[in-house]
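Residue numbers for the sequence shown follow our numbering, beginning at 502 and rising by one. Ideal Cβ positions, reconstructed from N, Cα and C, are used throughout, including at glycine.
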Amino acid sequence: MAIPNTSRPLQERLLTMVKNLQFLWFVGHVFTLFGAFSYVLSTLTFGSSTKGYTAAYIGALISYGVVIYKSHGIPQPSIAFAQKLAMDENAQYLLLSLYWLFSSDIAVSLVPYVSFSAFHTIGYIRTSIIPTVFPVPAGTATNASWQTTTQSKIKAWTDANYGPAMRFVAQVEVVGIMGRLLLGLFKLRIMSIFVFAQFLRFRYHMSAYTRQSFGNLRERLDRFLLPPTADARIPPMVSSVYTSVKGMIIRYGQAIVQQQPTPAR
């Protein structure tokens with residue numbers, strides 16, 4: 502967004518910002534944050550309302566929908582368009598949020614969306630809201646203004662914490678959400694496991710953070726279940742079953758993901 506002209510009235514500057522499609526993207530992220538906060542608060546106070554959970558995922562659909570529209574335009578009923586979406590991580594998160602929206606509540610599934618929304622919201626405040634609502638007055642040295650100082654501090658905090666946050670998100674997806682879904686096996690909720698396993702397979706191919714999380718999990722389980730580091734009390738059959746299951750998961754995760762066709766030149 503261009504730096505606002507300080508000579509323009511605040512109402513005009515706000516109207517220009519609101520008319521931008523990026524503002525709708527920001528609203529979606531705010532919905533996700535407030536919805537998740539409301540849902541957690543309701544859960545902690547032993548409430549039964551799921552309105553916050555629903556609002557959080559409606560916000561995710563809005564924000565990811567804007568990103569996909571800006572990246573790919575109006576959806577087209579074609580195989581080529583579907584292939585592009587299949588390899589777009591934003592489309593994957595949008596489809597997953599749609600699935601979570603119409604499935605039974607899984608609180609931990611909100612963690613990745615809340616994490617992303619927090620960073621995007623802070624970023625929008627830095628790049629759009631502060632310059633629009635509190636522009637640096639004419640004649641004031643930009644570097645000496647509180648606006649610039651605040652924006653610099655926000656950027657420094659974001660740069661320092663984005664990597665650790667993404668590693669945390671990957672850990673939650675690999676261990677937290679999938680672990681929660683596996684517990685649903687006792688309730689025969691197979692579809693959720695299949696859907697999320699497919700999502701994780703794409704993430705494994707597209708995200709270094711996800712690959713690192715899988716690697717860390719494998720190392721911990723290997724030390725715990727396989728000789729020579731395994732506890733002597735663990736039966737050999739358990740180690741054998743673990744090795745077989747691990748092999749199946751690796752083969753599934755490393756299956757060839759269809760790539761986008763190379764454009765004709």
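Annotated as proximal: G754 and Y705, with beta-carbon spacing under 8 Å. Nearest to P665 by alpha-carbon distance, out of T555, K656, F697 and S616, is S616. Counting only residues of its own chain and dropping the five nearest sequence neighbours on each side, S564 has a CB closer than 6 Å to the CB of W526, G529 and H530. Listed in chain order, the non-local C-beta contacts of M707 below 6 Å within the same chain comprise E590, local neighbours out to five positions each way being set aside. DSSP places P737 within a helical segment (H, G or I) once states are collapsed to three. The C-beta distance from A671 to L611 rounds to 16 Å, too long to meet the 8 Å contact threshold.
Counting the other CB atoms within 10 Å of its CB gives T744 a total below 16, which places it among the exposed residues. The continuous stretches of alpha helix (DSSP H) do not include K688, and DSSP gives it neither H nor E.
Residues of the same chain with a CB within less than 7 Å of the CB of F700, apart from the 5 flanking positions on each side, are Q593 and L597 in chain order.
Of all C-beta pairs linking the region 561-581 to the region 518-525, three or more are shorter than 8 Å, placing the two stretches in contact. A Cβ-Cβ separation of about 6 Å places S693 in contact with S604 under the 8 Å criterion. Contact holds between the region 624-634 and the region 508-515, because three or more Cβ pairs, one in each stretch, are under 8 Å apart. A straight line joining the alpha-carbon of M679 with that of T649 spans about 42 Å. Following the DSSP letters along the chain, one finds E590 inside the alpha helix (DSSP H) bounded by residues E590 to L602. Looking from the CA of L683, the closest CA among N644, R668, V541 and I607 belongs to I607. Collapsing the DSSP output to three states places I580 in a helix.
G536 and G553 do touch by the CB rule: their CB atoms are close to 5 Å apart, below 8 Å.
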